[in-house]
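Student: What follows is a structure written as structure tokens; I'll ask about it next.
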Amino acid sequence: MANDNEITIEVAYGTAEQQRLYRFRLPANSTARQAALAAPVLNDFPEAQPHTAPLGIFGKAVKDSHILREGDRVEIYRPLQADPKEARRKRAAQNKPPKAA
1 MANDNEITIE VAYGTAEQQR LYRFRLPANS TARQAALAAP VLNDFPEAQP
51 HTAPLGIFGK AVKDSHILRE GDRVEIYRPL QADPKEARRK RAAQNKPPKA
101 A
């Protein structure tokens, strides 16, 4: 029998090579950050930063203090490898035709 004082949630983390989904129960009114810290992410991904990484639920960014609901999937996001604006500038510069003399 399910305990009304608990919810079942999932925490997701992954790299390009490997992804993991952790499913477990937490007390009702737990926050997104509490879920990230409760998941055994560091066992599989020592480089993960569950204490400070940005979080989301089903692809939408949330604050650390976001109260979870039954069935939520908390996603722990990795830092960007490159600034998207800078990456676009570099691609545009590479594709620019040479100036006429």
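Counting in UniProt numbering, the sequence shown runs from 1 upward without gaps.
Even glycine gets a Cβ: it sits at the ideal position worked out from N, Cα and C.
#1: As a quick exercise: from Asp4, Asn43, Pro84, Ala53, pick the residue whose alpha carbon is nearest that of Val74.
#2: Would you list, in sequence order, the uninterrupted alpha helix (DSSP H) runs of no fewer than 4 residues that lie entirely inside the segment 5-91?
#3: Sorted by chain position, which residues of the same chain lie with C-beta nearer than 8 angstroms to Thr31's C-beta, five sequence neighbours on each side aside?
#4: When you compare only the Cα positions, how much space is there between Ala36 and Lys90?
#5: My understanding is that Asn5 touches Pro27, with C-beta atoms under 8 angstroms, so please give their C-beta distance in whole angstroms.
Tutor: Once the coordinates are examined:
#1: Ala53
#2: 32-38, 41-44
#3: Asp64, Ser65, His66, Ile67, Leu68
#4: As the crow flies, the alpha-carbon of Ala36 is around 35 angstroms from that of Lys90.
#5: 6 angstroms
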